[in-house]
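Quick note: the sequence shown uses this note's numbering, first residue 4, plus one each step. Data block below; observations after.
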Amino acid sequence: MSDARQDTEAELRRLAPAIARALGAGWCAREKHTRYQELAGPDGLLVWLAATHPDARKGRVVVRGSLPLRTRHGQILLDHGISNPQITVAIARGADAVAREIKRRLLPGYKRAVSKAQARIVLVEDEHDQIRTLAKRFGAICGVKVKTDDVRFYLPDELASYGSVTCQGDRVRIEGTFSVAQGEEILRALVALAKRGRV
Numbered sequence: 004m005s006d007a008r009q010d011t012e013a014e015l016r017r018l019a020p021a022i023a024r025a026l027g028a029g030w031c032a033r034e035k036h037t038r039y040q041e042l043a044g045p046d047g048l049l050v051w052l053a054a055t056h057p058d059a060r061k062g063r064v065v066v067r068g069s070l071p072l073r074t075r076h077g078q079i080l081l082d083h084g085i086s087n088p089q090i091t092v093a094i095a096r097g098a099d100a101v102a103r104e105i106k107r108r109l110l111p112g113y114k115r116a117v118s119k120a121q122a123r124i125v126l127v128e129d130e131h132d133q134i135r136t137l138a139k140r141f142g143a144i145c146g147v148k149v150k151t152d153d154v155r156f157y158l159p160d161e162l163a164s165y166g167s168v169t170c171q172g173d174r175v176r177i178e179g180t181f182s183v184a185q186g187e188e189i190l191r192a193l194v195a196l197a198k199r200g201r202v
């Protein structure tokens, strides 16, 4: 690693708390890392400043916001399909100037991206709630126990037959050996869903 890049990284670590203060109320510098710094803001905003850009040797750092990724069910959404802006700034300009650039050039677009990501998460959570409800319905039909951590449903061990109802993404999977009565009830439920355009 060049001395110039090391100097940029060291200056970034030193200035991160001052940049957070200059961004205003609700902002603070979090754990310090070697090549990047995290600035946590109000309403779950999280900005990263990193000395990984090729221009780090020239004293410039990349500034980029982090989008929310995790649903309340624990699913990680890796691709929101949302444009998330990033900028580069000269760290030698000082904390106040860097904060002004973040406010002017990054935060408006980043906040829009966060809003879109949050809306996407709400949509996915609603879909998962519907799927979980459907899976529980089938679980009740099949007489299975519930494991709520991964929405997986298993028949009790003491039963001779085997079956499971698994909720995975936007699909419910039913497999196993069921009684005729259970199978007929599952089919009736599927037919009812098909009439409503759900399957």
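Every residue gets a Cβ at the ideal spot worked out from N, C-alpha and C, and that includes glycine. Computed from a prediction, not measured in an experiment: that's the story for all the values here.
Item, Value
"From 126, 61 and 50, residue whose alpha carbon lies closest to that of residue 108", "50"
"N- and C-terminal bounds of the beta strand (DSSP E) containing residue 53", "49 to 53"
"Close-in-space but distant-in-sequence residues of the same chain around residue 136 (CB under 6 Å, 5 per side omitted)", "none"
"Candidates 64, 192 and 70, of which the one nearest residue 101 by Cα", "64"
"Distance between residue 67 and residue 21 (C-alpha atoms, nearest Å)", "18 Å"
"Helix, strand or coil at residue 193 [DSSP, three-state]", "helix"
"Cut-off 7 Å between Cβ atoms - residues of its own chain near residue 162, not counting five sequence neighbours on either side", "Unreliable positioning characterises residue 162 in this predicted model, as indicated by a pLDDT of 35, which lies under 50. The coordinate reading is nonetheless provided below. None."
"Local Cβ density within 10 Å of residue 17, reported as buried at 16 or more and exposed below that", "exposed"
"Stretch-stretch touch, CB-based, cutoff 8 Å, three pairs: the segment 84 to 95 with the segment 111 to 126", "yes"
"Exposed unless 16 or more other CB atoms sit within 10 angstroms - verdict on residue 27", "exposed"
"Opposing strand residues paired with residue 72 [DSSP bridges]", "DSSP lists no partner for residue 72."
"Counted within 10 angstroms of its Cβ, other Cβ atoms place residue 42 as buried (16 or more) or exposed", "buried"
"Within 8 Å, strictly: CB atoms of residue 124 and residue 11", "no"
"Alpha-carbon to alpha-carbon, residue 8 and residue 15", "10 Å"
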